[in-house]
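Residue numbers (this note's numbering), protein chains in the order written: chain A, 4 to 421; chain B, 4 to 421.
Number of protein chains: 2
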Amino acid sequence: MDVKEYMAQVGRRARAASREIVKASTAQKNAALLATATALDSARTELASANQKDLEAGRSKGLDEAMLDRLALTPARIDAMIEGLRQVAALPDPVGTISDMRYVPSGIQVGRMRVPLGVVGIIYESRPNVTVDAASLCLKSANATILRGGSEAIHSNQAIAACIRQGLAAAELPQDLVQVIETTDRAAVGELITMPEYVDVIVPRGGKSLIERISRDARVAVIKHLDGICHVYIDDRADSGKALKIALNAKTHRYGTCNTMETLLVAESQAEQLLPELAALYATHGVELRGCPRTCALLPEAVPATEADWSTEYLAPVLAIRVVSGMEQAIEHINRYGSHHTDAIVTEDLSKARRFLTEVDSASVMVNASTRFADGFEYGLGAEIGISTDKIHARGPVGLEGLTSEKYVVFGDGHIRQ
Amino acid sequence: MDVKEYMAQVGRRARAASREIVKASTAQKNAALLATATALDSARTELASANQKDLEAGRSKGLDEAMLDRLALTPARIDAMIEGLRQVAALPDPVGTISDMRYVPSGIQVGRMRVPLGVVGIIYESRPNVTVDAASLCLKSANATILRGGSEAIHSNQAIAACIRQGLAAAELPQDLVQVIETTDRAAVGELITMPEYVDVIVPRGGKSLIERISRDARVAVIKHLDGICHVYIDDRADSGKALKIALNAKTHRYGTCNTMETLLVAESQAEQLLPELAALYATHGVELRGCPRTCALLPEAVPATEADWSTEYLAPVLAIRVVSGMEQAIEHINRYGSHHTDAIVTEDLSKARRFLTEVDSASVMVNASTRFADGFEYGLGAEIGISTDKIHARGPVGLEGLTSEKYVVFGDGHIRQ
């Protein structure tokens, strides 16, 4: 197969479909989502047997247990895909919203209309449920989607794609709106990210090295975050009860997520009292502590942190702790070592909360709340296609609105420029 | 000079300054803008003599008259720079605006705060006034700016930069907020567009080949448009008076601007009556007509258009004309040959106007108005840093808001994720 030519065909078909979908009504898009849910429910046997093929191939290739677990399409995961489709169908349709329509001095009326981006390329690894989750958000926002899943999930993804095609057909929408790439050739990714004529944006989901490679080589915009080095800063004006609750939750609620705290910063006036209490709590969860010299002086169980610890995303029960002179130094630390993902202050001081919100340069900045809240569902977006730590286009959790853009619409009555 | 090291220093200084400017008040930023205006007014002699050096060097290098004209800092152009600074000072400050703040089910309060992008790199050619125009918009939106003007304007740009530094000093803002690159080495551009650690977005202003090169090689986001192949479609339900006015204005108001009409599309039912009338009007302006076969059959003065004409931005008194079967074909033509900049329909039919607005995939879509209105001032943005035909981040005329982004801000009261 000529991968370059194949991908160009996929791209042309996606572009053509994206021109058609702008004509679709909200009801038609929702009908396609609900019909896909029904198709998935009816295809449980086919899905299970396709997934079985992938799992067997994965085992014989020696994939590790964590990878095989992500690959598995259990009945509960199929339920979750179906429920996800229904939730996306129930979300308000952002497309076509006209805002700020107003008369300007020349007499024309100017406003902004929310429109789809066009064609979205999704590159992901083992989890087959991403196929449905991503496609449904793109469909609701009237984008065409090109999906490139991991080669280890190819049979599962194709089986899911068949259900999506049934859903599109039931709503009389073009089949090419959602295309799952049929080749496992790695060159397909290289093509997908360098076809600005056919693809408007790439959303990569997976490990840091995959995302770094894609960002480096892409010729189109990439919505992404590389890592989540999130901080909680306990201010000298913090309420100690809130501080303990938040510092514990931000680290131990889940270890493998990007909004988990990786470094705790504590004002020196609080350190002596709070750190031993916190260390005892962390000990009950088996969290390893790595501290700056002052932390280690207070906590015998802490091992000395190295410079590298401040910029490490552990994704594990490990926490770096630094005692800082106050908020100024905390902000400096966060802006220097953080990944601009999510950072929180615990304080009762209004002026300091206001300064922290303004000066911390991160996608989500929080006051007296756990970093674990940084999430599309928790923020009320209904769903998320990913999280962005870039400042261009979308920042933070990206939902339906992040898959759209605004164009200017102008009404006149024969107006000409004088 | 080691250009790579020099540019890295410029970048580091810009990044540091961008962290400081977020603390500045609106009043402080406005004070810097107004003090720069005063400094320019007091430095007219120095500006004239610096500009004289550039003009003499330009003449001896054999620059053409159009280039020399763009390079000249006449007293009127200095007046315009001063007036521009005052206008930007008078605009509302977008930074810090918090929108959509609301409680979500977990009890946290989530909103979005408008924040600067960080560091903006501006790459431009001969016009020295861009130095002030671009720097003032970036300053107002709390961004640091790195300016790379044409080598032919280096003395003028440095003289302007000295005035900006005076303005910054008067308002006690960091000098590094606005840096004009001091080397004319072309390698500086290559560095500027590939330092994502120091530069967040590039705005190139100049010819198509410059912008194409920058877009191709940049490792950061680029706010740009390559060309403006704008259309007016005269529908079969058009009011002929409005059609004549708009078609004439969109072509002849100014020839060299990106929002000038380059192709006129006419519904076949209108062609026989309107085209001869229009041709007579264009003749009084000396506009050369290039037509499809049906156009040429109606207009003896028209020369046959080639396929290339449909995708050419003439920037000159030349117009391509095509007779189409109706709106469907017009939309197809625009989406295929246009540059997604600005396109207009002339019609009295509401349903067709609505369809045109939805289906034409351009940054500005207009009903019964001249394409010449696509402009930041005309749209009420106050000023524009450029026009974008991309869908990511900003689309259409880009003003202060396009130089900002939104981050999430979250308030809790000790809230943790359950």
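Even glycine gets a Cβ: it sits at the ideal position worked out from N, Cα and C.
All of these numbers come straight from a predicted model, not from anything done at the bench.
Report task. Spatial neighbours of glycine 87 of chain B within its chain, please: CB distance less than 6 Å, with the 5 preceding and 5 following residues excluded, ordered by chain position. Result -> Excluding residues within five positions, the ones whose Cβ falls inside 6 Å are Asp136.
Query raised in the report: Going along chain B in order, which residues have a C-beta closer than 7 Å to the C-beta of threonine 263 of chain A?
Result: Ordered by position in chain B, no residue passes the 7 Å Cβ test against threonine 263 of chain A, which lies about 10 Å from the chain.
**Report entry** CA-to-CA distance, glutamine 178 of chain A to arginine 168 of chain A, given in whole angstroms
**Finding:** 6 Å
**Report entry** Which of helix, strand or coil DSSP assigns to arginine 117 of chain A
**Finding:** strand
Query raised in the report: How many Å lie between valine 412 of chain A and glutamate 351 of chain B at the Cα?
Result: 16 Å
Report task. Please specify which runs of the alpha helix (DSSP H), each continuous and at least 4 residues long, are wholly inside the segment 25-72 of chain A, giving them in chain order. Result -> The qualifying runs are 29-45, 47-63.
Query raised in the report: How do the segment 268-279 of chain B and the segment 374-382 of chain B stand: do at least 3 beta-carbon pairs fall below 8 Å, yes or no?
Result: Verdict: no, contact absent.
Query raised in the report: Can you list the alpha helix (DSSP H) stretches of 4 or more residues lying completely in the segment 71-134 of chain A, in chain order?
Result: 78-93
Report task. Express the C-alpha separation of proline 78 of chain A and threonine 148 of chain A in angstroms, rounding to a whole number. Result -> 26 Å
Query raised in the report: With distances taken from CA atoms, which of A/Leu74, A/Gly329, A/Asn33 is nearest glutamate 128 of chain A?
Result: A/Leu74
Query raised in the report: Quick one: is serine 109 of chain B near chain A, going by C-beta distance under 8 Å?
Result: By the rule that beta-carbons nearer than 8 Å mark a contact, serine 109 of chain B touches chain A.
Requested in this report: Rounded to whole angstroms, what's the CA-CA distance from arginine 216 of chain B to glutamate 200 of chain A? Just pull it up for me.
Outcome: 16 Å
**Report entry** Closest residue to asparagine 262 of chain A among A/Glu304, A/His228, A/Ala173 (Cα-Cα distance)
**Finding:** The shortest Cα separation from asparagine 262 of chain A among A/Glu304, A/His228, A/Ala173 belongs to A/His228.
Report task. Go ahead and label glutamate 265 of chain B buried or exposed: buried means 16 or more other beta carbons lie within 10 angstroms of its beta carbon, across all protein chains shown. Result -> buried
Query - Runs of beta strand (DSSP E) lying entirely within the segment 260-287 of chain A, each at least 3 residues, in chain order - result: 264-270
Query raised in the report: What runs of the alpha helix (DSSP H), each 4 residues or longer, lie entirely inside the segment 183-211 of chain B?
Result: Here the runs fully enclosed are 190-195.
Query raised in the report: How about alanine 174 of chain A and alanine 34 of chain A: do their beta carbons lie closer than 8 Å?
Result: yes
**Report entry** Reference aspartate 364 of chain B; option with closest CA among A/Met104, A/Gly110, A/Arg117, A/Leu76
**Finding:** Selected option, being the one with the closest Cα: A/Arg117.
Query raised in the report: Alpha carbon to alpha carbon, how far is leucine 120 of chain A from isoleucine 249 of chain A?
Result: 38 Å
Requested in this report: For isoleucine 249 of chain B, decide whether its Cβ has a neighbour in chain A, counting only Cβ atoms nearer than 8 Å.
Outcome: yes
Query raised in the report: Across which residues does DSSP place lysine 425 of chain A in a beta bridge pair?
Result: This structure gives no information on residue 425 of chain A, because the portion of chain A shown stretches from 4 to 421.
Query raised in the report: Interface residues of chain B around valine 412 of chain A at Cβ under 9 Å?
Result: Leu360, Ser367, Val368, Met369, Val370
Query - Close Cβ partners of glutamine 161 of chain B (< 8 Å) along its chain, the five nearest in sequence each way excluded - result: Ala53, Val183, Glu185
Query raised in the report: Going along chain A in order, which residues have a C-beta closer than 9 Å to the C-beta of valine 13 of chain B?
Result: Near valine 13 of chain B there are no residues of chain A at all, since even the closest Cβ is about 19 Å away, more than 9 Å.
Requested in this report: Would you list, in chain order, the members of the segment 204-218 of chain A that have their beta-carbon closer than 7 Å to a beta-carbon of chain B?
Outcome: Val204
Requested in this report: Would you list, in chain order, the members of the segment 259-293 of chain A that have their beta-carbon closer than 8 Å to a beta-carbon of chain B?
Outcome: Listed in sequence order: no entries.
Query raised in the report: If you follow the alpha helix (DSSP H) that histidine 158 of chain A is part of, which residue opens it and which one closes it?
Result: 157-173
Query - Element boundaries [alpha helix (DSSP H), containing alanine 253 of chain B] - result: Annotation for alanine 253 of chain B: the continuous alpha helix (DSSP H) segment containing it runs 243-255.
Query - Cβ distance (whole Å) where leucine 387 of chain B is taken to contact valine 401 of chain B below 8 Å - result: The sequence as given places glutamate at residue 387 of chain B; leucine does not occur at that position. With a Cβ gap of about 6 Å, glutamate 387 of chain B and valine 401 of chain B count as contacting.
Query raised in the report: At least one CB of chain B closer than 8 Å to the CB of aspartate 416 of chain A: is that the case?
Result: yes
Report task. Between the Cα of leucine 384 of chain A and those of B/Asp103, B/Ile85, B/Gln31, B/Ser28, spot the shortest distance and give me the residue it belongs to. Result -> B/Asp103
**Report entry** Cβ of aspartate 242 of chain B within 8 Å of any chain A Cβ
**Finding:** With a threshold of 8 Å between beta carbons, aspartate 242 of chain B makes contact with chain A.
**Report entry** Buried or exposed by the 16-neighbour rule on C-beta atoms within 10 Å, applied to alanine 407 of chain B
**Finding:** The sequence given here has threonine at residue 407 of chain B, not alanine. Under this definition threonine 407 of chain B is a buried residue.
Requested in this report: Tell me whether the beta-carbon of aspartate 220 of chain B lies closer than 8 Å to the beta-carbon of valine 6 of chain B.
Outcome: no
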